[in-house]
Amino acid sequence: MEEILNFQTNENYDENQIQVLEGLEAVRKRPGMYIGTTGPRGLHHLVYEIVDNSIDEALAGHCDLISVEILPGDVIRVSDNGRGIPTGILEGKGLSAATVVFTVLHAGGKFGGSGYKVSGGLHGVGASVVNALSEWLEVEICDGTDVFKQRFERGEIITDLLKVAKSDCTGTTVTFKPDSLIFEDTAYDYEILLSRLREQAFLNAGITLSISDLRESEPKTKVMCYEGGIRKFIEHIHKRKGLETLHDEVIYLSARNENHSAEVAIQYNDSYNEMVLSFANNIHTIEGGTHEI
Ligand code: TSJ
Numbered sequence: 048m049e050e051i052l053n054f055q056t057n058e059n060y061d062e063n064q065i066q067v068l069e070g071l072e073a074v075r076k077r078p079g080m081y082i083g084t085t086g087p088r089g090l091h092h093l094v095y096e097i098v099d100n101s102i103d104e105a106l107a108g109h110c111d112l113i114s115v116e117i118l119p120g121d122v123i124r125v126s127d128n129g130r131g132i133p134t135g136i137l138e139g140k141g142l143s144a145a146t147v148v149f150t151v152l153h154a155g156g157k158f159g160g161s162g163y164k165v166s167g168g169l170h171g172v173g174a175s176v177v178n179a180l181s182e183w184l185e186v187e188i189c190d191g192t193d194v195f196k197q198r199f200e201r202g203e204i205i206t207d208l209l210k211v212a213k214s215d216c217t218g219t220t221v222t223f224k225p226d227s228l229i230f231e232d233t234a235y236d237y238e239i240l241l242s243r244l245r246e247q248a249f250l251n252a253g254i255t256l257s258i259s260d261l262r263e264s265e266p267k268t269k270v271m272c273y274e275g276g277i278r279k280f281i282e283h284i285h286k287r288k289g290l291e292t293l294h295d296e297v298i299y300l301s302a303r304n305e306n307h308s309a310e311v312a313i314q315y316n317d318s319y320n321e322m323v324l325s326f327a328n329n330i331h332t333i334e335g336g337t338h339e340i
């Protein structure tokens, strides 16, 4: 199969292009199938889908800074200091890996992938969905030598992935404007994004996540890095709820083998209500289930 694809003609290249368009058209036709809803939840979900990619890069050990900015016009910018999405041309596709990430549905982290995934969600799959549902989206990739840039509108390629500058930095920046033809309301809620990013910062100890709201003349910004991970999460919840704890030191257990790791943090308080929060692969398992048991 691979061999045949490597001998592609221009005709096949065009076929691929058509598939690309059909794929993203499907997302625009039935956005709910991909993001659940076109209400505020779906709108905020776009941000999580992009941030998840940076968290994957951090979990792979290649990135420790992730920033989210809300720009005027409810434009979202997510940046990380990872290796940068690979820019090389994929054999058989005739497209760069980065372009595939944004234009092919279900192109989830397969190229050069080493099965490092710890976070859940749609992964690379999400980037093409976000692209399809954005009025425009731009990606900037720094690979330590060059800066590459590509622009899309409603999922369509507007410019190829172009070298635009030199830089010895590495990282990926994605900037997008959710499509007002798709979403009922494109206004982002700073507090909603903040609380989700804080949760991810607690779950991924040592990663610095920041959020800035640059829509108003007085910008808001919060930088979060919790070396104590989920231990700090419990302390935060107790503080936020104004609950009196029965002991200062959080009980903490952790274990790992080659493929799995688990950690548990416990702290008693003087209330009568038990609260158990569980997460599997960074996803809140609201109904508990097997992982919690
Ligand atoms: F996918 C995306 F566009 F949504 C997105 C991806 C958005 C943002 C803000 C960051 C990223 C991203 C992807 N950050 N870092 C990466 N890393 C890779 O894609 C990558 C780099 C190198 C290698 C390798 O094997 O050399 C593999 C991967 C998956």
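Mind the numbering: the sequence shown is residues 48 to 340 in this note's numbering, read in order.
The beta-carbon is built from N, C-alpha and C at its ideal position, and this holds for glycine as well.
Given the structure is predicted, the values throughout are model-derived calculations rather than measurements.
Cβ-based neighbour list, Glu-305, same chain, cut-off 7 Å, excluding 5 preceding and 5 following: So the list is empty, once near-sequence residues are dropped.
For Tyr-299, which three-state DSSP category applies? If DSSP states are grouped into helix, strand and coil, Tyr-299 belongs with the strands.
Taking 6 Å as the limit between beta carbons, can you name the residues of its chain near Met-48, skipping five residues before and five after? Residue placement at Met-48 cannot be trusted, given a pLDDT of 31 that sits under 50; what the coordinates show is reported in the next sentence. Excluding positions up to five away in sequence, the list is empty.
Do Gly-218 and Asp-127 have their C-beta atoms within less than 8 Å of each other? Yes, the Cβ-Cβ distance between Gly-218 and Asp-127 is below 8 Å.
So, at 6 Å on beta carbons, what are the nonlocal neighbours of Leu-209 in its own chain, with the 5 sequence-adjacent residues on each side left out? Result list for Leu-209: Lys-196, in chain order.
Should Arg-243 be listed as close to ligand 1, given that the test is whether its C-beta is under 7 Å from any heavy atom? Arg-243: no, Cβ never under 7 Å from ligand 1.
Does ligand 1 have a heavy atom nearer than 7 Å to the CB of Ala-248? In this structure, the C-beta of Ala-248 stays at least 7 Å away from each heavy atom of ligand 1.
Whole-number beta carbon distance between Val-323 and Glu-339, since they are thought to touch under 8 Å: Here Glu-339 really is in contact with Val-323; their C-beta atoms are around 6 Å apart, less than 8 Å.
Run the proximity test for Ala-174: is its beta-carbon closer than 7 Å to any non-hydrogen atom belonging to ligand 1? Yes, Cβ of Ala-174 sits closer than 7 Å to a heavy atom of ligand 1.
Would you give the residue range spanned by the beta strand (DSSP E) that Thr-150 belongs to? The continuous stretches of beta strand (DSSP E) do not include Thr-150, which lies in the alpha helix (DSSP H) extending over residues 144-150.
Going by beta carbon distance, what residues of the same chain come within less than 8 Å of Leu-137, once the five residues before and after it are set aside? Non-local C-beta neighbours of Leu-137 in its own chain, meaning closer than 8 Å and more than five positions away in sequence, comprise Ser-143, Ala-144, Val-147 and Phe-158, ordered along the chain.
Counting along the chain, where does the beta strand (DSSP E) carrying Ala-312 start and finish? Per DSSP, Ala-312 belongs to the beta strand (DSSP E) from 308-313.
Under a Cβ-count criterion, where at least 16 other Cβ atoms within 10 Å of its own Cβ denotes burial, should Asp-295 be classed as buried or exposed? Here Asp-295 is exposed. Its C-beta has fewer than 16 other C-beta atoms within 10 Å.
Measure the CB-CB distance between Lys-269 and Leu-241 and report whether it falls below 8 Å. The answer is yes: Cβ separation under 8 Å.
Does at least one heavy atom of ligand 1 sit under 7 Å from the Cβ of Ile-97? Answer for Ile-97: yes, Cβ within range of ligand 1.
Quick check: the Cα distance between Glu-69 and Ser-264, rounded to an integer number of angstroms? Taking the straight line from one Cα to the other gives about 41 Å.
Which residues mark the beginning and the end of the alpha helix (DSSP H) in which Met-80 is found? It spans 78-82 - the alpha helix (DSSP H) in which Met-80 sits, taken as one unbroken run.
Three or more beta-carbon pairs under 8 Å between the segment 219-227 and the segment 243-257, yes or no? Cβ pair count under 8 Å is below three, so no.
Quick one: measure Cβ to Cβ for Thr-344 and Glu-185, integer angstroms, because I've assumed they're closer than 8 Å. Since the first residue of the chain shown is 48 and the last is 340, residue 344 is not available in this structure.
Look at the Cβ atom of Leu-261, then the Cβ atom of Leu-244, and state whether they are nearer than 8 Å. Cβ distance not < 8 Å, so Leu-261 and Leu-244 don't count as in contact.
Could you tell me the alpha carbon to alpha carbon distance between Ile-330 and Glu-246, rounded to whole angstroms? Cα to Cα, the separation comes out at about 10 Å.
Suppose contacts are defined by Cβ-Cβ distances below 8 Å. Is Ile-402 in contact with Ala-312 by that definition? Because the chain is modelled from 48 through 340, residue 402 falls outside the range shown and cannot be assessed.
Can the beta-carbon of Ile-205 be found closer than 8 Å to that of Ile-132? No, Cβ-Cβ distance for Ile-205 and Ile-132 is not below 8 Å.
Could you spell out where the beta strand (DSSP E) holding Thr-268 opens and where it closes? In this chain, the beta strand (DSSP E) harbouring Thr-268 covers 267-271.
Could you pull the start and end residues of the beta strand (DSSP E) that Lys-213 belongs to? In this chain, the beta strand (DSSP E) harbouring Lys-213 covers 209-213.
Could you tell me the alpha carbon to alpha carbon distance between Ile-82 and Ser-114, rounded to whole angstroms? A straight line joining the alpha-carbon of Ile-82 with that of Ser-114 spans about 22 Å.
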